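*Asks:*
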Amino acid sequence: MIDRDDGRGRAAALGGVPSQGRTFVFADLAAEHGDRLVRAAWFLCRDRDEAEDLVQETFIEAIHAAARFEGRSAPYTWLYGIMRRRFLLQCRKNRRFSRWMGLVGSSVKTSDTAALERDERLDPMMRAVFSLPPKHREIILLRYIDGRKIAEIAGMLSISEGTVKSRLHHALRRAKTAINLERETSIVPATEKAHEL
Amino acid sequence: MNCRKCRARIFDYRDGTLSPREKEDLKAHLAACPSCRAELESEGKWEREFKESFSAATASLSFDPDKARLARPETSVPSSPQANTNVSTGGKQRVFRWLAAGAGAAIILAALILGPFKPGKRGAFPTAAMEGQLASSRSDDLPDPFQDWIQGRIIITIEDKAAGTTEKYLTDRAGTIRKIAEQGRN
Numbered sequence: 001m002i003d004r005d006d007g008r009g010r011a012a013a014l015g016g017v018p019s020q021g022r023t024f025v026f027a028d029l030a031a032e033h034g035d036r037l038v039r040a041a042w043f044l045c046r047d048r049d050e051a052e053d054l055v056q057e058t059f060i061e062a063i064h065a066a067a068r069f070e071g072r073s074a075p076y077t078w079l080y081g082i083m084r085r086r087f088l089l090q091c092r093k094n095r096r097f098s099r100w101m102g103l104v105g106s107s108v109k110t111s112d113t114a115a116l117e118r119d120e121r122l123d124p125m126m127r128a129v130f131s132l133p134p135k136h137r138e139i140i141l142l143r144y145i146d147g148r149k150i151a152e153i154a155g156m157l158s159i160s161e162g163t164v165k166s167r168l169h170h171a172l173r174r175a176k177t178a179i180n181l182e183r184e185t186s187i188v189p190a191t192e193k194a195h196e197l
Numbered sequence: 001m002n003c004r005k006c007r008a009r010i011f012d013y014r015d016g017t018l019s020p021r022e023k024e025d026l027k028a029h030l031a032a033c034p035s036c037r038a039e040l041e042s043e044g045k046w047e048r049e050f051k052e053s054f055s056a057a058t059a060s061l062s063f064d065p066d067k068a069r070l071a072r073p074e075t076s077v078p079s080s081p082q083a084n085t086n087v088s089t090g091g092k093q094r095v096f097r098w099l100a101a102g103a104g105a106a107i108i109l110a111a112l113i114l115g116p117f118k119p120g121k122r123g124a125f126p127t128a129a130m131e132g133q134l135a136s137s138r139s140d141d142l143p144d145p146f147q148d149w150i151q152g153r154i155i156i157t158i159e160d161k162a163a164g165t166t167e168k169y170l171t172d173r174a175g176t177i178r179k180i181a182e183q184g185r186n
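So the protein lines, in turn, are chains U and D. Counting along the first sequence from 1, when you hit position 37 you're at 37 in our numbering, and nothing is skipped either side. Counting along the second sequence from 1, when you hit position 2 you're at 2 in our numbering, and nothing is skipped either side.
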């Protein structure tokens, strides 16, 4: 992380460098947190290009909001919060757009379905998770992939611990059903081939 | 401890947030209950499977700042986070904006064209063809023109210099036209 002034800032924690500074550079943020964030963004967006756009917007917002970073959470958690906010905003925009297009009688292929159609290479488990709604995908990401504790997730999502547990329970139940379905459908072509032979 | 309570605490047990006493109770129940033990094991199994699948799917995924749109020379970093909203807009949003702009323009145009109009006789000019519809009255019953004007009425005067006649019509707010004076004849 490059320091830009002598603010002895709380924001110095962003780069993990024990020095002063409260101005962040896009390239530095990208180097330190880019990969992890883009993977999380991809898990939420289900589209590589959208994920990259989302992450760079996150970095830009973070650079501008650096002065507001108080160091109460880990830098990645703070960046994830910004990304999550932007993602939700994007979801709302897409929903509004689809609704309007529905009113004028035009069918729109949303990025959701488009992404799934493109990602034929994904394994059944990932495809199953991708069929879940964003809030269930997110809770799986935070709990099982990031390995966060219930209390931590509750803080990040501003919900109660009970809600986190209940959401996890529903997400897992749906994921199990979807995974079974995916595995069954991915087996079908093989058996069909066997019959043909 | 029963199975329901045990399953509600499995997350906390894995997080290590249970008190020593709760932990002991849970362990005792797990030792005696195979289905709750299976539930705990399946938690760990899910975690492993999700992690493996995620790692495999994202192995080739990395964020390259050089390829990022904002790092390209033709684009610049906006001066404020709010200004950055333009960066994220895709083709779909652009279409939506054009549709919204078109709808707005159509509404404004319709308001401009139809707004001044109100159905009825308002604005109609008294002509000879309308003569029969008009209730005539003599000049001596004339109301005070100024007073009528104040009440929102309009007096139209048609002066025919060749014939040396002057006719006065009175319109009211409802658009009714009434001949109120005829001078120069007889």
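Think of the CB as a built atom: it goes at the ideal place given N, C-alpha and C, for glycine as much as any other residue. On a predicted model such as this, the values are computed, not experimentally measured, just so you know.
Identify each residue in the region 25-56 of chain D for which the Cβ-Cβ distance to at least one residue of chain U is less than 8 Å, and report them in chain order.
*Replies:* Within the region 25-56 of chain D, the residues whose Cβ lies closer than 8 Å to some Cβ of chain U are Trp46, Glu47, Glu49, Phe50, Lys51, Ser53, Phe54 and Ala56, listed in chain order.
*Asks:* Per DSSP, what kind of secondary structure is Ala27/U in: helix, strand or coil?
*Replies:* In this structure, Ala27/U counts as helix in the three-state DSSP scheme.
*Asks:* Note the first and the last residue of the continuous beta strand (DSSP E) segment covering Arg21/D.
*Replies:* Taken as a continuous stretch (DSSP letters only), Arg21/D belongs to no beta strand (DSSP E), being part of the alpha helix (DSSP H) at Pro20 to Ala32.
*Asks:* Mapping DSSP to helix, strand and coil, what is Asp146/U?
*Replies:* Coil at Asp146/U, not helix or strand.
*Asks:* Quick one: give me the first and last residue of the alpha helix (DSSP H) that Glu61/U is part of.
*Replies:* Element bounds for Glu61/U: Arg48 to His64.
*Asks:* With DSSP collapsed to three states, give me the class of Ala59/D.
*Replies:* Of the three classes helix, strand and coil, the one that applies to Ala59/D here is coil, per DSSP.
*Asks:* Using beta carbons (cut-off 8 Å, strictly below), is Arg174/U in contact with chain D?
*Replies:* Chain D, which has no Cβ nearer than 8 Å to the Cβ of Arg174/U, makes this no.
*Asks:* Which residues does DSSP list as the beta-bridge partners of Lys179/D?
*Replies:* For Lys179/D, which the question treats as bridged, DSSP gives the partners Tyr169/D.
*Asks:* Out of Leu29/U, Asp28/U and Ser73/U, point me to the one whose CA is closest to Ile153/U's CA.
*Replies:* Checked all of Leu29/U, Asp28/U and Ser73/U; the closest Cα to Ile153/U is Ser73/U.
*Asks:* Using a C-beta to C-beta distance shorter than 9 Å, which residues of chain D count as neighbours of Phe87/U?
*Replies:* Near Phe87/U there are no residues of chain D at all, since even the closest Cβ is about 10 Å away, more than 9 Å.
*Asks:* Taking all protein chains shown into account, decide if Asp47/U is buried (16 or more other Cβ within 10 angstroms of its Cβ) or exposed.
*Replies:* Counting Cβ neighbours within 10 Å, Asp47/U comes out buried, since at least 16 surround it.
*Asks:* Taking only beta-carbon atoms, is Ser19/D less than 8 Å away from chain U?
*Replies:* Chain U, which has no Cβ nearer than 8 Å to the Cβ of Ser19/D, makes this no.
*Asks:* Quick check on DSSP: helix, strand or coil for Arg4/D?
*Replies:* Arg4/D falls in the helix class under three-state DSSP.
*Asks:* Taking 8 Å as the threshold (C-beta atoms), are Ala40/U and Leu141/U in contact?
*Replies:* Yes, the pair counts as a contact, with Cβ atoms nearer than the cut-off.
*Asks:* Below 8 Å between beta carbons: does that hold for Leu29/U and Phe69/U?
*Replies:* No.
*Asks:* Please work out which residues of its chain come closer than 6 Å, Cβ to Cβ, to Arg37/D, disregarding the five sequence neighbours upstream and downstream, and give them in chain order.
*Replies:* Excluding positions up to five away in sequence, the list reads Leu30.
*Asks:* Does any residue of chain D have a CB that is nearer than 8 Å to the CB of Phe69/U?
*Replies:* Chain D, which has no Cβ nearer than 8 Å to the Cβ of Phe69/U, makes this no.
*Asks:* Tell whether a beta-carbon distance below 8 Å holds between Ala151/U and Thr17/D.
*Replies:* Yes, these two residues count as a Cβ contact at 8 Å.
*Asks:* Which residues mark the beginning and the end of the alpha helix (DSSP H) in which Lys135/U is found?
*Replies:* Residues Pro134 to Ile140.
*Asks:* With 16 other CB atoms within 10 Å as the buried threshold, where does Pro20/D fall?
*Replies:* Result: exposed.
*Asks:* Within 10 angstroms of its Cβ, does Ala8/D collect 16 or more other Cβ (buried), or is it exposed?
*Replies:* When all chains shown are included, Ala8/D counts as exposed.
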